[in-house]
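Q:
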Amino acid sequence: MSLFEKLYTLIIFLAVMIGIGIGQVGPIRSNAEGFIVPLLVAMLYITFLQIPFEDIKNAFKNIKFTYTSITINFVWTPILAWLLAMVFLGDNPALYIGFIMLMVTPCTDWYLIFTGIAKGNVALSAAILPLNLILQVILLPFYLLIFGGTTEVIEFTFLVESILIVLFIPLALAYLTKMVLRNKQELREILISRFSVLPIIFLSLAIVAMFASQGQLLLDNLDLMWKITIPILLFFLINFFVGQRVGQLMKFPNSDRTSLSLTTLARNSPIALAIAMTAFPDQPLIALTLVIGPLLELPILAIITQVLLIIARKHTSLLS
């Protein structure tokens, strides 16, 4: 494990604090949002570059993992999110809607970094990414209608842009890079080795940008943070045990079970936040939930990766 991976929890915390701090400067706050998506795309590009495409192709054949992940993410998780929202946020419609939006959108970027740190099956996690992205943007309006009673819709152009920018651009760039270097194996291995720390750096910078752009909203509503904290913590706690238990019942190997846990835990705050700011521009408290979400989620995921590493070590010792 690299030094960056060992210090990951601290790095994330510092990224959040730096983001909130520099977000107090007006010009930085107003321009920071424009850096979030490019940094996440750069993170995905380097991540895809490190994964053999043959492994991703083979992962697409793992139908059992796919339907298990899809069932948890798009059937069980929306129901859990609705129950938690009803119990804890039913008296505040804006926080209620924001919580639903956050929890029904599985992550399509930074979960790959956590999967790699936790020694999960990164190729398998990458293979499920396109389906997660397409399904969440298509189904989100229906979840909002069913669980929130709102008829706000997501424009088709937003769907196309999300799929193009978040998925196909980094994937295509990684593929082209590998094609250019296909006869230069030694150079490719050197580059991949030297680039290995870049995804963590790009993610940390994206976190800085996210909190620089939205940190003021958080500071202005600190009294509401604790109201949202309990259901978010319960969501991660419950879904961690669900993912682990389902992975055991499905007899997944430990690396696949790690992938299942992280793809069903990590949430897609950047895209959900972009949708909220477009569809609900007059409801800042909806966006607030989507800012508080990653403030809690990222340190939790960093801790969970350490828990998963402990589980993996115990699993290995039992087999040996």
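Mapping of the sequence shown onto full-length UniProt numbering: residues 1 to 320, in sequence order.
Glycine included, C-beta positions come from ideal geometry on N, C-alpha and C.
Exposed or buried, what is Y96 when buried is set at 16 or more other beta-carbons lying within 10 Å of its beta-carbon?
A: So Y96 ends up on the buried side.
Q: Please list, in chain order, all residues of the same chain as G225 whose beta carbon is under 6 Å from its beta carbon, the five residues on each side excluded.
A: The question names Gly, but residue 225 in the sequence shown is Met. So the qualifying residues of the chain are I292.
Q: Classify Q67 as buried or exposed, calling it buried when 16 or more other Cβ atoms lie within 10 Å of its own Cβ.
A: Checking the sequence, you will find Tyr at residue 67 rather than Gln. Exposed: under 16 other Cβ atoms inside 10 Å.
Q: Out of P270, L262 and D91, which has the shortest C-alpha to C-alpha gap to V37?
A: Taking only the C-alpha atoms, the option nearest V37 is P270.
Q: Return the bridge partner residues of I106 from the DSSP annotation.
A: The residue you asked about is not Ile; residue 106 is Pro in the sequence shown. Bridge partners of P106: R267.
Q: Is the beta carbon of V208 less than 7 Å from the beta carbon of A85?
A: Taking 7 Å as the Cβ cut-off, V208 and A85 do not qualify as a contacting pair.
Q: I need the boundaries of the alpha helix (DSSP H) containing F168, first residue and last residue.
A: Taken as a continuous stretch (DSSP letters only), F168 belongs to no alpha helix (DSSP H), as it is neither H nor E.
Q: Where F306 and I11 are concerned, what is the direct C-alpha to C-alpha distance, given to the nearest angstrom?
A: For clarity, residue 306 is Gln in the given sequence; the question names Phe instead. Going by the C-alpha atoms only, they are around 15 Å apart.
Q: For the alpha helix (DSSP H) that contains P199, what are its first and last residues?
A: That run of the alpha helix (DSSP H) goes L198 to D220.
Q: How long is the line joining the alpha carbons of P27 and A287, rounded to whole angstroms?
A: Near 20 Å, if we compare the C-alpha coordinates of A287 and P27.
Q: Under the three-state reduction of DSSP, which class applies to L181: helix, strand or coil?
A: Looking at L181 - three-state DSSP - the assignment turns out to be coil, as it is neither helix nor strand.
Q: To the nearest angstrom, report how far apart R29 and F65 are at their CA atoms.
A: Looking at the two C-alpha atoms, the distance is approximately 41 Å.
Q: Is the segment 37–57 close to the segment 240–253, with three or more CB pairs under 8 Å?
A: Touching, no, given that fewer than three Cβ pairs across the two stretches are closer than 8 Å.
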